[in-house]
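Chemist: Dumping the structure here so I can ask a few things about it.
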Amino acid sequence: MDLKLSNKLALVTGSTKGIGRAIAESLAAEGTNVIINGRSQDVVEKVIEDLSKKYPQSAFYSAAYDLSVERERQALFQAFPEVDILVNNMAIFNDAKFEEIGLDEWRRYFEVNSISGIALAKFYLPKMLAKNLDGRIIFIASEAAIMPSPEMPHYSMTKTMNLSLAKSLSRETVGTTVTVNTVMPGSTLTEGVESLLASLYPELDSVEERSRAFMLNNRPTSTIQRLIRPEEIGNFVAYVASPLAGAFSGEALRMDGGLVPTIF
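Following the numbering used here from start to finish, the sequence shown increments by one per residue and tops out at 282.
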C-alpha cells in the first residue's frame, strides 16, 4: 500500500533508538524525509549514515538537541520552522516505587515527557493549520496511560497527560485536514526495556528469559504473551501519519497486544 507520504517532512523526537528509530525507518520506507533527533551529535549522525544507506530515496536531517531544554527547542525551531508530521516520541522511564520518587524527579518526568511535547505542538500546530495539507501530530504514549504501571507511576502519569492533550488539540483542527492522535504501544522490546528487564530480573541470564518472566508476572493480561517488536509500532504510526488515515482524529489508538483487558 502506498501511504502517500513521499517527500513529506517528519520530525520524530527521540529517534536514535527504540520505538522512535523504528518510526523513522517506517516513514523513510514510504519516502518521507525525516529529521532525526537525539541529544548526541555523534549518535544522530551515525543513525543518519545507517538510514541513508538503507533508504536512499529519503533525506535525513540532524537535530541533535535535548528537547527538554527551552533554548535547545528554540534552536530546533530555527533550524526546522515547519514540518508536515510531528511524532512526539521522546520520553524517559525507569522502575521506581512511589514512596522512593522525590518531587524533583516528578518534575523532571513532567518536563521531559510532557512539556517538551506541549512546546513542539504549540509551535508546529498553527503552521500545519495555516497550510491545511494533511498535517499530523502523533503522541507516542503507552498502555500505562490507561492501565498505570505499578513499577512506573511517574511515567504513567505523563502518558495519561498525552491522551488528554491530544484530545484537546484535536478540537483545534475542526474542519481541517490536520489531525492530532495518540498511539499507545504495549510493552515493546527496546533497549530501554531490556535495561528495565535486567533490573527487575537480575537473576535471569538472557533477554529471552527475562522477557518471558516479565510477560508472565508483570503483564499477564497480554493476549500475545510477548513483547511487541519496535517495527510493528513504527509501521502503525506510519499509517496514522498517512493522508489515508485522515478519519483518525483525537483518538487514543491502542497497539498493546491485548494487554488492556477492556473493550474501550
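The beta-carbon is built from N, C-alpha and C at its ideal position, and this holds for glycine as well.
#1: Please report how far the alpha carbon of residue 211 lies from the alpha carbon of residue 113, in whole angstroms.
#2: Once DSSP output is grouped into helix, strand and coil, what is the label at residue 131?
#3: Just to confirm my understanding: we take residue 255, look at its own chain, exclude 5 residues before and 5 after, and list those with CB closer than 7 Å. What are they?
#4: Is the number of C-beta pairs between the region 154-172 and the region 274-281 that are closer than 8 Å three or more?
#5: Can you grab the Cα-Cα spacing for the pair residue 83 / residue 131, in whole Å?
#6: Considering only their Cβ atoms, is the gap separating residue 48 from residue 33 smaller than 9 Å?
#7: Expressed to the nearest angstrom, what Euclidean distance is found between the alpha-carbon atoms of residue 228 and residue 252?
#8: For residue 14, which of 100, 153, 137, 110 has the nearest alpha-carbon?
#9: Quick check on residue 125: does DSSP put it in helix, strand or coil?
#10: Report the residue from 265, 91, 230 whose alpha carbon sits nearest the alpha carbon of residue 195.
#11: Enumerate, from N- to C-terminal direction, the unbroken beta strand (DSSP E) stretches of 3 or more residues contained entirely within the region 59-102.
#12: With a threshold of 8 Å (Cβ to nearest heavy atom), would residue 224 be considered close to the ligand MG?
#13: At what residue ranges does the region 191-242 contain a whole run of the alpha helix (DSSP H), taking only runs of 4 or more?
#14: So, is residue 7 buried or exposed, given that buried needs 16 or more other C-beta atoms within 10 angstroms?
#15: In whole angstroms, give me the CA-to-CA distance for residue 217 and residue 142.
#16: Checking the sheet assignment: what are the DSSP bridge partners for residue 157?
#17: For residue 164, which three-state DSSP category applies?
#18: Inspect the beta-carbon positions of residue 154 and residue 258 and report whether they are closer than 9 Å.
#19: With 16 other CB atoms within 10 Å as the buried threshold, where does residue 115 fall?
Modeler: The relevant details are as follows:
#1: Straight-line Cα distance between these residues: approximately 10 Å.
#2: If DSSP states are grouped into helix, strand and coil, residue 131 belongs with the helices.
#3: If the five residues before and after residue 255 are omitted, its C-beta is found closer than 7 Å to the C-beta atoms of 41, 44, 105, 156, 201, all from its own chain and listed in chain order.
#4: Three or more beta-carbon pairs drawn from the region 154-172 and the region 274-281 are found closer than 8 Å, and the two stretches are therefore classed as touching.
#5: Distance between the alpha carbons of residue 83 and residue 131 is about 15 Å.
#6: Contact flag unset, no.
#7: Going by C-alpha positions, residue 228 is about 24 Å away from residue 252.
#8: Coverage of the chain is limited to positions 19 through 282, which leaves residue 14 absent and any answer about it impossible.
#9: Residue 125 falls in the helix class under three-state DSSP.
#10: For the options 265, 91, 230, the alpha carbon positioned closest to that of residue 195 is the one of 265.
#11: Along the region 59-102, the beta strand (DSSP E) occurs as fully enclosed runs of 3 or more residues at 78-82, listed in sequence order.
#12: As presented, the structure is devoid of all ligands, the ligand MG included, so that no description of it is given.
#13: Runs found: 209-218, 225-235.
#14: What is shown of the chain runs 19 to 282, which leaves residue 7 out entirely.
#15: Near 38 Å, if we compare the C-alpha coordinates of residue 142 and residue 217.
#16: BP columns for residue 157 point to 106, 200.
#17: Residue 164: coil per DSSP, three-state reduction.
#18: Yes.
#19: So residue 115 counts as exposed.
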